[in-house]
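Before any comments, here is the structure.
Residue numbers (full-length UniProt numbering): 1 to 463.
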């Protein structure tokens, strides 16, 4: 969708990163069980929940709080299968093996295990996703950009076998990797398990070794630099979007930004107005990823005031440049600056695969316009949150007990002052009314005392 172009009638582009919350409205005892009546709703942008980041976004949590889970699951699976079936009519060589239920966090993105009919042993993974609120490319440009992904060749980008899009959704087919993603390595998880089962309650929290942190971090920074130099917006870096192939990291889901899908860490970087470009968003997300690789878990909150002991002080130095309070105030470092830091500068990359990602000039202009529109919406959201924070602080200040006492004291003083001034005024009126016939003229003089202080004196002469 081009900038200022209205979305199709009846089509609502939802933001999956707006957290869901529920309130217990009532309860009753029924057959020795307690039944709770839940009022569920999407909390607005201005009242985000910051804790339980995974639960806020996870599709299983949505299904639990909404209508019976089977209805939600069946609904989105039905839409996904409908679109996939339409695609198979023109591409009959593909065949669905099984759906991969809830392996991701998005409620409106579905995965299927695939195979090619004449190569039955080779397994592939199909991902289908609806469009998001940041979809600013026209339908024609979107189709062109998505199809271009299969021609992209880079040692640190995961290969796309096939990709296509229409006016409402897109599907992408990639080789299925049994070893899983970087997040699966950190959490010792199985790729086919449900998202919450894999990552919400790990049995053991342990970060990666220093050499792995250095190597994986350098590879990820190299591919981010590659995308930034070509003007390709990303903004979706997190551990589940990094596929592992031996000792090599390969980036996933380049199509997300083209489809306008919101970032996994959106509720974090919308709080800081200095993170106002997609390049800055990528660096901020890299900070989260580096923290997770180092400590085996995501940070409890951002900014991070103090960092736990790390395998090397150079790791903490990089983390401080991205996730510290000073970094949030001053802005994110560039990818080039991070590559020059001691943690990554001495890493030797041995992969010699050639890079290829040719973007037509016309599409480059469309991507540039879309990127600017995404950044504009981000800035507007950050401004709204900033205004709400100021309003909340003001309300909190005026509602505090200390402020209430201060206002009471001021009110008493003002009341006493008003009463005193009113009494003086009445006295003057009374005095003037009694002496109005006894005065003929008044003499006013200025007298200066020895200290230099002046005062007025007057006398009256009776008629």
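Backbone N, C-alpha and C fix where the C-beta goes; we use that ideal spot for every residue, glycine too.
Bear in mind that the values here come from a model prediction, so they are computed numbers and not experimental data.
Rounded C-alpha distance that separates residue i from residue j
| i | j | result |
| --- | --- | --- |
| residue 72 | residue 113 | Confidence in residue 72 is poor, its pLDDT being 49 and thus under 50, which makes the residue's placement unreliable; the coordinate value appears in the next sentence. Cα to Cα, the separation comes out at about 21 Å. |
| residue 70 | residue 330 | At residue 70, the pLDDT of 42 sits below 50, so the modelled position is not reliable; the number obtained from the coordinates is stated separately. Roughly 47 Å between the two C-alpha positions. |
| residue 360 | residue 256 | 20 Å |
| residue 162 | residue 172 | 6 Å |
| residue 99 | residue 175 | 15 Å |
| residue 327 | residue 385 | 19 Å |
| residue 82 | residue 116 | 19 Å |
| residue 207 | residue 407 | 53 Å |
| residue 456 | residue 409 | Confidence is the limiting factor: at residue 456 the pLDDT is only 45, short of 50, which leaves the residue's position unreliable, though a coordinate-based value still follows. Going from the Cα of residue 456 to the Cα of residue 409 covers about 34 Å. |
| residue 68 | residue 316 | For residue 68, the pLDDT reaches just 46, beneath the cut-off of 50, and the residue's location in the model is therefore unreliable, although a value from the coordinates is still provided. Answer to the nearest angstrom: the Cα atoms are 45 Å apart. |
| residue 355 | residue 394 | 53 Å |
| residue 506 | residue 364 | Limits of the chain in this structure are 1 at one end and 463 at the other, which puts residue 506 out of reach. |
| residue 78 | residue 203 | 34 Å |
| residue 230 | residue 165 | 22 Å |
| residue 120 | residue 93 | 11 Å |
| residue 209 | residue 402 | 51 Å |
| residue 412 | residue 396 | 23 Å |
| residue 390 | residue 340 | 38 Å |
| residue 344 | residue 261 | 30 Å |
| residue 108 | residue 309 | 39 Å |
| residue 441 | residue 400 | Bear in mind that the predicted position of residue 441 carries a pLDDT of just 49, short of 50, making it too unreliable to give a figure here. |
| residue 89 | residue 80 | 15 Å |
| residue 243 | residue 158 | 7 Å |
| residue 252 | residue 285 | 14 Å |
| residue 96 | residue 146 | 21 Å |
| residue 220 | residue 335 | 10 Å |
| residue 170 | residue 124 | 16 Å |
| residue 248 | residue 106 | 26 Å |
| residue 392 | residue 271 | 14 Å |
| residue 142 | residue 318 | 36 Å |
| residue 306 | residue 313 | 13 Å |
| residue 416 | residue 388 | 38 Å |
| residue 184 | residue 398 | 48 Å |
| residue 197 | residue 240 | 14 Å |
| residue 178 | residue 27 | 45 Å |
| residue 453 | residue 422 | Per-residue confidence for residue 453 stands at a pLDDT of 45, beneath the threshold of 50, marking its modelled position as unreliable; no derived number is given. |
| residue 265 | residue 404 | 39 Å |
| residue 420 | residue 383 | 48 Å |
| residue 186 | residue 311 | 16 Å |
| residue 199 | residue 30 | 34 Å |
| residue 140 | residue 369 | 15 Å |
| residue 222 | residue 104 | 26 Å |
| residue 122 | residue 215 | 29 Å |
| residue 86 | residue 201 | 38 Å |
| residue 91 | residue 362 | 28 Å |
| residue 301 | residue 118 | 50 Å |
Option nearest residue i by Cα separation, candidates the options
| i | options | result |
| --- | --- | --- |
| residue 250 | 173, 180, 136, 296 | 180 |
| residue 342 | 321, 289, 230, 232 | 321 |
| residue 373 | 109, 99, 95, 137 | 137 |
| residue 246 | 351, 287, 282 | 351 |
| residue 325 | 355, 273, 239 | 273 |
| residue 348 | 280, 211, 29 | 211 |
| residue 377 | 79, 221, 103, 269 | 269 |
| residue 182 | 380, 294, 276, 265 | 294 |
| residue 102 | 86, 128, 371 | 128 |
| residue 338 | 186, 383, 370, 280 | 280 |
| residue 217 | 392, 139, 266, 346 | 346 |
| residue 357 | 419, 254, 200 | 254 |
| residue 267 | 222, 198, 381 | 381 |
| residue 144 | 167, 130, 201 | 167 |
| residue 332 | 283, 311, 375, 239 | 283 |
| residue 130 | 111, 118, 122 | 111 |
Integer-rounded CB distance, given that residue j should sit under 8 Å from residue i
| i | j | result |
| --- | --- | --- |
| residue 213 | residue 297 | So it is not a contact: roughly 14 Å between Cβ atoms. |
| residue 299 | residue 291 | 5 Å |
| residue 288 | residue 263 | Incorrect: roughly 11 Å between the Cβ atoms, too far for contact. |
| residue 278 | residue 371 | 6 Å |
| residue 232 | residue 367 | 7 Å |
| residue 276 | residue 189 | Actually they do not touch by this definition, with Cβ atoms about 34 Å apart. |
| residue 126 | residue 84 | 7 Å |
CB contact below 8 Å: residue i versus chain B
| i | result |
| --- | --- |
| residue 188 | The displayed structure is made up of one protein chain only, and chain B is not part of it. |
beta-carbon residue i near the ligand GDP non-hydrogen atom, thresh 7 Å
| i | result |
| --- | --- |
| residue 418 | As presented, the structure is devoid of all ligands, the ligand GDP included, so that no description of it is given. |
(request) Could you name each continuous alpha helix (DSSP H) segment of 4 residues or more that falls completely within the stretch 89–164, going from the start of the chain to the end? (result) 139–148
(message) I want to know whether the stretch 221–230 touches the stretch 151–158 - three or more CB-CB distances under 8 Å.
(response) yes
(request) Evaluate contact between the stretch 128–137 and the stretch 186–205, counting only Cβ atoms and requiring at least three cross-stretch pairs below 8 Å. (result) no
(request) Note down, one range per segment and in chain order, each alpha helix (DSSP H) of at least 4 residues found wholly within the stretch 297–366. (result) 313–323, 325–330, 335–339, 342–345
(message) Quick check on the DSSP output: what are the complete beta strand (DSSP E) runs of length 3 or more inside the stretch 220–263, in order along the chain?
(response) 242–245, 248–251
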